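Have a look at the structure below before the remarks.
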Amino acid sequence: MVQTTEAAGPSPKPKRVDARRNEQALLEAAAAVFVTSGVDAPVREIAAVAGVGVGTIYRHFPTRAELVVAVYRHQVEACAEAGPALLATSSSPRAALQSWVDLFVDFLVTKHGLAGALQHDSAGSDALHAYFVDRLVPVCGTLLDEATAAGGVQRRISAYAFMRGIGNLCIGGTADPHYDPRTLAQLLLAGVLED
Numbered sequence: 005m006v007q008t009t010e011a012a013g014p015s016p017k018p019k020r021v022d023a024r025r026n027e028q029a030l031l032e033a034a035a036a037v038f039v040t041s042g043v044d045a046p047v048r049e050i051a052a053v054a055g056v057g058v059g060t061i062y063r064h065f066p067t068r069a070e071l072v073v074a075v076y077r078h079q080v081e082a083c084a085e086a087g088p089a090l091l092a093t094s095s096s097p098r099a100a101l102q103s104w105v106d107l108f109v110d111f112l113v114t115k116h117g118l119a120g121a122l123q124h125d126s127a128g129s130d131a132l133h134a135y136f137v138d139r140l141v142p143v144c145g146t147l148l149d150e151a152t153a154a155g156g157v158q159r160r161i162s163a164y165a166f167m168r169g170i171g172n173l174c175i176g177g178t179a180d181p182h183y184d185p186r187t188l189a190q191l192l193l194a195g196v197l198e199d
């Protein structure tokens, strides 16, 4: 029996350094605009914040859904990469975890708007949620382990449950100017780290 293999086709060309840098600037600008103006903000507003033309955004992200997904993934990666970096540079594991929780809250406040924009694509939304869990739960788990061990405290909550708790505290965080999910998340963290 002869086995055949299909031609894989040409592999995609790696992006130039300046193209990657431009794409990162676009994603950061889009995330900032989404927080202040919502995910339906005009593309020209994102372009203005990024300092590029509207055509540049459409070259990178032909549809709004592609931009939303890219912003979501970009923010997940930033949160995931921040965990080890904070452990390496913070004064203590607890300080690293506190800083990471603040970053996570900022991400979640943006994420709630992004989730609404993707609600018509349940398969895509499920895949993004799985990506979120796969990337961030281990990072949070490591931070929790390090902080509880350094404080002589036994960890009483799973990383997933802790992140869900923070997520629940962030719901409605942008709708009420008197509600500060960051402060409440830090109170939850203090309770987790208490002996």
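For the sequence shown, the positions run 5 to 199 when my numbering is used. All residues carry an ideal CB built from backbone N, CA and C; glycine is no exception. No experiment lies behind these values; they were computed from the predicted model shown.
inquiry  = Judging by CA-CA distance, which residue of Trp104, Asp184 and Arg25 is the nearest neighbour of Glu150?
reply    = Looking at the Cα atoms, Trp104 is the closest of the given residues.
ask   = Taking C-alpha atoms, which residue in Ala34, Leu147, Leu188 and Ile50 lies nearest to Gln79?
value = The residue with the shortest Cα to Cα distance from Gln79 is Ala34.
query = Can you give the Cα-Cα distance for Val39 and Arg159, rounded to whole angstroms?
reply = About 33 angstroms.
query = Mapping DSSP to helix, strand and coil, what is Phe65?
reply = Collapsing the DSSP output to three states places Phe65 in coil.
inquiry  = Just to check my reading of the structure: Cys144 and Ala163 have Cβ atoms closer than 8 angstroms, yes? What is that Cβ distance to the nearest angstrom?
reply    = Contact flag correct, Cβ pair sits at about 4 angstroms.
inquiry  = For the alpha helix (DSSP H) containing Ile50, name the first residue and the last one.
reply    = Unbroken alpha helix (DSSP H) run through Ile50: Val47 to Ala54.
request  = Measure the beta-carbon distance from Ala153 to Leu173 and round it to whole angstroms, keeping in mind my assumption that it falls under 8 angstroms.
outcome  = Approximately 25 angstroms separates the beta-carbon atoms of Ala153 and Leu173; this is outside 8 angstroms, ruling out the contact.
3-residue-minimum beta strand (DSSP E) runs that sit fully inside the segment 131 to 157, ordered along the chain = Annotation note: the segment 131 to 157 contains no uninterrupted beta strand (DSSP E) run of length 3 or greater.
request  = Measure the alpha-carbon distance for Gly176 versus Glu70 and round it to whole angstroms.
outcome  = Annotation: Gly176 to Glu70 spans about 25 angstroms, alpha carbon to alpha carbon.
inquiry  = the ligand ADP and Asn172: does the residue's C-beta get closer than 7 angstroms to at least one heavy atom of that ligand?
reply    = This structure does not include the ligand ADP; it has no bound ligands of any sort.
ask   = Which whole-angstrom value describes the C-beta separation of Ile61 and Leu30, a residue pair presumed to lie in contact below a C-beta threshold of 8 angstroms?
value = Yes, they are in contact, since the Cβ atoms of Ile61 and Leu30 sit about 6 angstroms apart, within 8 angstroms.
inquiry  = I'd like the span of the alpha helix (DSSP H) that includes Pro185, first residue to last.
reply    = Pro185 to Leu197 is the extent of the alpha helix (DSSP H) around Pro185.
message = By the three-class DSSP mapping on this structure, what secondary structure does Ile161 have?
response = When DSSP states are grouped into helix, strand and coil, Ile161 belongs to the coil group.
ask   = Going by Cα to Cα distance, which pick from Asp180, Val53, Gln28 and Thr67 is closest to Ala82?
value = Nearest option by C-alpha distance: Gln28.
query = Which whole-angstrom value describes the C-beta separation of Val109 and Pro185, a residue pair presumed to lie in contact below a C-beta threshold of 8 angstroms?
reply = Val109 to Pro185, Cβ: 5 angstroms. Contact.
ask   = In whole angstroms, what separates the C-alpha of Thr187 from that of Leu112?
value = Each residue's alpha carbon lies about 14 angstroms from the other.
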